[in-house]
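These notes are about the structure you will find just below.
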Amino acid sequence: MAGDVEIREVAMTLHAQLPALQIVVPFMTAPLIVFFGKRETAWWLAFLSCSVSLVISYLLLMQVIGGGFISYQMGGWAPPLGIEYRIDAANGLILFLISLVATITMPFAYRSIQAEITRSHTLFYACLMLCFTGLMGMVITGDAFNVFVFLEVSSLSTYVLVAMGAERDKRALTAAFDYLILGTIGATFFVIGIGFLYMATGTLNMADLADRIQGQESSRTVRAGFAFIVVGLGLKAAMVPLHLWLPRAYTYAPSAVTVFLAATATKASIYVMLRFMFSVYQPEFVFHTNVLQILFIPLALLAMFGGSFVAVFQTDMKRMLAYSSIGQIGYMLLGIAMLNQSGVSATMVHMFNHGITKAVLFMGVGAFVLRAGSSFYDNIGGLGRKMPVTGAVIVIGGLSLIGIPGTAGFVSKWLLVQAAFENDMWPIALLIVLSSLLAVIYVWRVFEVIYLQAPNEWSEASDPPMTMLVPMIILAVACVYFGIFTDLSLGAAGTAAEALLNGSFGMAEPSLDTSALPLDVPHGAGDAGADATGGDH
Amino acid sequence: MARAMRARMQPGETTDMETFTAIILSMVIPLVAMFASMALPKQDNLRDGITFVCAVATFAVVLVILSNVGGGSTAAVELIEVLPGVSLAFNVEPLGLMFALIASGLWILTHIYGVGYMRGNNEKNHARFFACFSAAISGVMGIAFSANMFTLFLFYEFLTVSTYPLVAHKGTPEAVSGARTYLSILMGTSIALLLTAVIWTYALTGTLDFTKGGIMQGKASGWIVPVLLGLYAFGIGKAALMPFHRWLPAAMVAPTPVSALLHAVAVVKAGVFTMLKVGVYIFGIDFLAETGASEWLMWLAAYSIIAASVVAMCQDNLKKRLAYSTVSQLSYITLGVALATDMGALGGGMHIAMHAMGKITLFMCAGSIYVAYHRTEVSQLSGLGRAMPITFAAFCIGAISIIGLPPMGGSWSKFLLMVGAVDAGQQLMIVVLMASSLLNVAYLMPIVAKGFFMAGDDKVPTGFAEAPLFCWLPPAITAFGCLVLFVFAGEIQTFLAGMVN
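The listed protein sequences correspond, in order, to chains A and B. Under my numbering, think of the first position of the first sequence as 39, with each following residue one higher. Under my numbering, think of the first position of the second sequence as 18, with each following residue one higher.
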């Protein structure tokens, strides 16, 4: 009996520490990888730590999916003095997305990296873990300055990761350099914005900031801070016209890096932007400053049409997908600009759905690069027939990118159009569907290339090894699964949107005390649905 | 799944377990055929045998539904709630059941014909061909049993995607560009217009369920109604309403069994079926009549009927001529909706069956001629009737049905449409329908006449030299079917009546 009690206590403590472990586990893995210095060990450590993160993020998401939040005090220092980690449905979903993609990318990366990089594999995995930590940290933290720190952690490691593509193509170096310059400018803008906020309020904790900004909305300092923060994060999120770093970085980075970054990096920035707009500043503030009408809607439309239009004319599949990402980010921004439940849900759920969709497509490209040595349309012609599984996976991903019903992409598109109709903005609804016609064109171009062109005579390409195939298949199934069973994705997104639009993020909020939680939170994936329907929409 | 599954009971409507299982099976069995085809690329006989069994089984399952439900309708069974208030749901109602019966019944014949055609013609990639074919049938069953517009849209797009490889099947530059036209029009219209219309409907009414009498009453008014109807009418590209009809002739690059089943029955009928569903169960016939929102559509349909017939007259390629004839005939059904009378809708519904039987006969005959003599142009058909009497007789019967003369099925649906036009007070539409019949005579009968009465060139044998058995038997059966439908038209009308009153 005594033993039972003891175990229960350990479990309880561990359970309460989940928010910290979410960051500490991957963060400590990075030096550990360097310490051991062996390729195999490095991979195993990275994979293990990603898997642990995935489990943790799932547990956290399940606690907050119905509403409420978890507040965790780093080192026991109470906020606003200490650093607070604060998890609600909004960042719970993004944490889950990032760790899911990271975990699935790891097995894929193993062979892909072997083929594309000859040296420094351990350092590669260490960087990847740091990047992962940075992204997770940006999302989980409730402290404005801490966001900046993690933003830099992820950015710096991303520059290195992109530059590692130089072995295959020297242009990776200039791409990384461009990204370094622009990323640094973005981060600087962000930190200046935080500085203004600190000047006006004397605090860095987001919840505390939210409380203290009240009544200061007309202060020029607070407004300038908002402008700097939006621009800084806009740059990191590749919001048109601040997107210039993205196509080259995605094109020349090693395939596995592109998979990971495309699915997660911009999403983390968009999440932070959402958090600042709706939780730190309030929806009313955003509404009164007209930033959505003047800035977001036109820029989002520009991204949707511009990004997709440029994607149509690409001759390199990887680059095409990169431009498509810019267009898709436009959808996410448009959802924010709708400023209603459906719109913000659309943004949240599109981050998730687009994340898995782009991951599967970039994995497909990675498989082509492995077998054909490049991702140019000229080189991958007819490969869909030689690599049937890869081809099928790309078809599913492509359909999801277009937003064909039955795939994940459709769910987000539906919500977005619905949001436009709810606001009586039917011209915008029309523009959304029209821009997705461009997606039909660029996706179908790929289908024609990989299926209808004659394969090279000498090509003996075949499907990539299992370690790459299985992750691709899992994600392709996920693309369909989340297009039909939307309890998890839409449930979390709905709750998140509700909370974000309420704007209530103050210190006075009753928090969901982690230690008081019952231990028998449903853990099995099969139970997800039962709890996920909580959002009352 | 049982947790998420719940039936929404309406007074007097239930869905028993057997019917529900049958609905699901009607979609799953074709998928089984698809996977079997993919798994057996080399064993031709086994593969085609399995597909045949699956086709018969699908038809049997639909018959089970028929015997359980009859002319009534059942409650919607919701499988999964995909979006708030929008679920994947199925039910049985007369129009959908009739569509399912036609598609699954004709699948059996087309499959036999397809095997004969693909082998007789030495086409490549049989496995892929039959796999996609079966997938398309699965999509058609989904469309037929959809209980709401969302489910229908899902299967509508699935049908587009699964038929694309069939159109591109030959892989020649011609086929690729035809397939591109096919896809860009069908997917373009459905994404840009139909999806907008569906979401708009949802935003207006808060539901997408097919409901007797429509869901728009009191929810939409003024300019929104005709605009929304326009989004639907053009968005349903599969209905081939002008000016979005070009995909249909473009799709004629596909092997003939595809043209026969998919582009005379399944795909195009999925389009006009959707149009009917939207008219009857989303807008509601009475609502359309009250608001007069569909009057413009009536004129456009009339134009489409005449214009496509005229274009058909100018086509020398036999399949293209039949394709334009299909464009014209599909607009009959759109016209039936646009008349906004019960008789019009009934006539439109019945025309789905009549035209399917007639047009599949014509297409299969065209394919037989191609298999036997590799002739594709109308001008090359002289004298062939004497060598292929069964094929040409079947063609003649099919043509008479399309023209709408007794004793063939086509005469009844045309008659009902005319009654509908009178009910709506649009006597001019009777003139349009009559003119169309005359045009039909002008472009279909010369083919028969050429075959039987004109002297052939030296390559045409003088004796009896038919296409292979598998190629001439199915059209002979469907030609007989046209005759049978004439006799049983009354039953079909009673059966369909459940959808309007």
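Beta carbons: idealized from backbone N, C-alpha and C, even for Gly.
8 angstroms contact criterion, which residue i and residue j should meet: CB distance rounded
i, j, result
"B:M374", "B:S430", "Going by Cβ atoms, the distance from B:M374 to B:S430 rounds to 11 angstroms, so no, they are not a contact pair."
"B:L356", "B:Q510", "B:L356 to B:Q510, Cβ: 16 angstroms. No contact."
"B:I377", "B:A281", "5 angstroms"
"B:L212", "B:F170", "7 angstroms"
"B:I40", "B:V109", "7 angstroms"
"B:C499", "B:M451", "With a Cβ gap of about 20 angstroms, B:C499 and B:M451 do not count as contacting."
"B:A484", "B:T393", "Wrong, their Cβ atoms sit about 14 angstroms apart, outside the cutoff."
"A:F234", "A:G263", "3 angstroms"
"A:I374", "A:F334", "6 angstroms"
"A:I418", "A:F406", "5 angstroms"
"A:L421", "A:A499", "6 angstroms"
Residue burial classification, residue i (beta-carbon count within 10 angstroms, cutoff 16)
i, result
"A:A546", "Per-residue confidence for A:A546 stands at a pLDDT of 46, beneath the threshold of 50, marking its modelled position as unreliable; the derived number appears in the next sentence. A:A546 comes out exposed."
"A:P578", "With chain A covering only 39 through 575, there is no way to say anything about residue 578 of chain A."
"A:R409", "buried"
"B:M51", "buried"
"B:P260", "exposed"
"A:A566", "At A:A566, the pLDDT of 37 sits below 50, so the modelled position is not reliable; the number obtained from the coordinates is stated separately. So A:A566 counts as buried."
"A:D246", "buried"
"B:H372", "buried"
"A:A554", "Only weak support is given to the placement of A:A554: the predicted model assigns it a pLDDT of 38, under 50, and the question is left unresolved by the model."
"A:R357", "buried"
"A:E78", "exposed"
"A:V219", "As written in the sequence, residue 219 of chain A is Ile, which differs from the Val given in the question. Exposed."
"A:Q352", "buried"
"B:P272", "buried"
"B:C488", "buried"
"B:W240", "exposed"
"A:K424", "buried"
"B:G235", "exposed"
Residues bridged to residue i [DSSP beta-bridge criterion]
i, result
"B:F107", "B:V94, B:S163"
"A:L472", "DSSP output for A:L472 lists no bridge partner at all."
"A:T226", "DSSP lists no partner for A:T226."
"B:L100", "B:V103"
"A:S158", "Partner(s): none; A:S158 has no beta bridge."
"A:F414", "A:D354"
"A:N243", "A:D181"
"A:I125", "A:I108"
"A:N494", "Bridge partners of A:N494: none, in fact."
"B:D226", "B:N165"
"B:N85", "Beta-bridge pairing links B:N85 to no other residue."
"B:F334", "Looking at the sequence shown, residue 334 of chain B is not Phe but Asn. Per DSSP, B:E394."
Quick one: any contact between the stretch 67–83 of chain B and the stretch 171–184 of chain B, if contact means 3 or more CB pairs under 8 angstroms? The stretch 67–83 of chain B, when compared against the stretch 171–184 of chain B, does not touch it at the 8 angstroms Cβ threshold.
Are at least three pairs of beta-carbons, each pair with one atom in the stretch 350–359 of chain B and one in the stretch 459–468 of chain B, less than 8 angstroms apart? No: the two stretches stay apart, fewer than three of their Cβ pairs being nearer than 8 angstroms.
Contact set between the stretch 207–218 of chain B and chain A, restricted to residues whose Cβ is under 9 angstroms from the partner: Of all residues in the stretch 207–218 of chain B, I208, A209, L210, L212, T213, V215, I216, W217 have a Cβ within less than 9 angstroms of some Cβ in chain A.
Just by C-beta distance, which residues in the stretch 469–483 of chain A are closer than 7 angstroms to chain B? If the cut-off is 7 angstroms between Cβ atoms, the stretch 469–483 of chain A has V471, L472, S474, L475, V478, W482 near chain B.
How do the stretch 148–162 of chain B and the stretch 115–122 of chain B stand: do at least 3 beta-carbon pairs fall below 8 angstroms, yes or no? Yes: the two stretches touch, three or more of their Cβ pairs being nearer than 8 angstroms.
Is the stretch 56–72 of chain A close to the stretch 158–171 of chain A, with three or more CB pairs under 8 angstroms? Between the stretch 56–72 of chain A and the stretch 158–171 of chain A there are three or more C-beta pairs closer than 8 angstroms, enough to call the two in contact.
What residues in the stretch 73–103 of chain B bring their beta carbon closer than 7 angstroms to a beta carbon of chain A? Within the stretch 73–103 of chain B, those residues whose Cβ lies closer than 7 angstroms to any Cβ of chain A are, in chain order, I97, V99, L100, P101.
With three or more C-beta pairs closer than 8 angstroms as the rule, is the stretch 91–99 of chain A touching the stretch 190–208 of chain A? Segments in contact, no.
Please confirm if the stretch 199–209 of chain B is in contact with the stretch 132–149 of chain B, defined as three or more CB-CB distances below 8 angstroms between the two stretches. No: the two stretches stay apart, fewer than three of their Cβ pairs being nearer than 8 angstroms.
Got a sec: which bits of the stretch 149–166 of chain B sit with their beta carbon under 9 angstroms from any beta carbon on chain A, in order along the chain? Those residues of the stretch 149–166 of chain B that come within reach of chain A (Cβ to Cβ, closer than 9 angstroms) do not exist; the list is empty.
Beta carbons nearer than 9 angstroms to chain A: which residues of the stretch 352–377 of chain B have them? Within the stretch 352–377 of chain B, no residue qualifies.
Could you name the residues of the stretch 515–526 of chain A whose beta carbon sits closer than 9 angstroms to any beta carbon of chain B, in the order they occur along the chain? Answer set for the stretch 515–526 of chain A: G521, I522, F523, T524, D525.
Count the CB pairs spanning the stretch 275–286 of chain A and the stretch 312–319 of chain A that are closer than 8 angstroms, and state whether there are at least three. In short, these stretches do not touch, since the Cβ pair count stays below three.
For the stretch 394–409 of chain B and the stretch 313–325 of chain B, state whether three or more C-beta atom pairs, one from each stretch, are separated by less than 8 angstroms. By the Cβ test, the stretch 394–409 of chain B is not in contact with the stretch 313–325 of chain B, since fewer than three Cβ pairs between them sit closer than 8 angstroms.
Taking only beta carbons into account, state which residues of the stretch 422–449 of chain A come closer than 9 angstroms to chain B, listed in chain order. Answer in chain order: V433, L437, I440, G441, I442, P443, G444, F448, V449.
Relative to chain A, which residues along the stretch 170–184 of chain B have a C-beta separation below 9 angstroms, given in chain order? So the list reads F170, L171, F172, Y173, E174, F175, T177, V178, Y181, P182, given in the order they occur along the chain.
State whether the stretch 259–272 of chain A contacts the stretch 145–160 of chain A, with contact taken as three or more CB pairs (one from each stretch) at a distance under 8 angstroms. With a cut-off of 8 angstroms, the stretch 145–160 of chain A and the stretch 259–272 of chain A do not count as touching, because too few Cβ pairs lie within range.
Three CB pairs or more closer than 8 angstroms across the stretch 181–196 of chain A and the stretch 324–336 of chain A: The stretch 181–196 of chain A, when compared against the stretch 324–336 of chain A, does not touch it at the 8 angstroms Cβ threshold.
Does the stretch 336–355 of chain A come close enough to the stretch 503–521 of chain A that 3 or more CB-CB pairs lie under 8 angstroms? By the Cβ test, the stretch 503–521 of chain A is not in contact with the stretch 336–355 of chain A, since fewer than three Cβ pairs between them sit closer than 8 angstroms.
At a CB distance below 9 angstroms, what residues from the stretch 192–204 of chain B approach chain A? Give them in sequence order. Along the stretch 192–204 of chain B, going in chain order, the ones with a CB nearer than 9 angstroms to a CB of chain A are A192, V193, A196, R197, L200, S201, M204.
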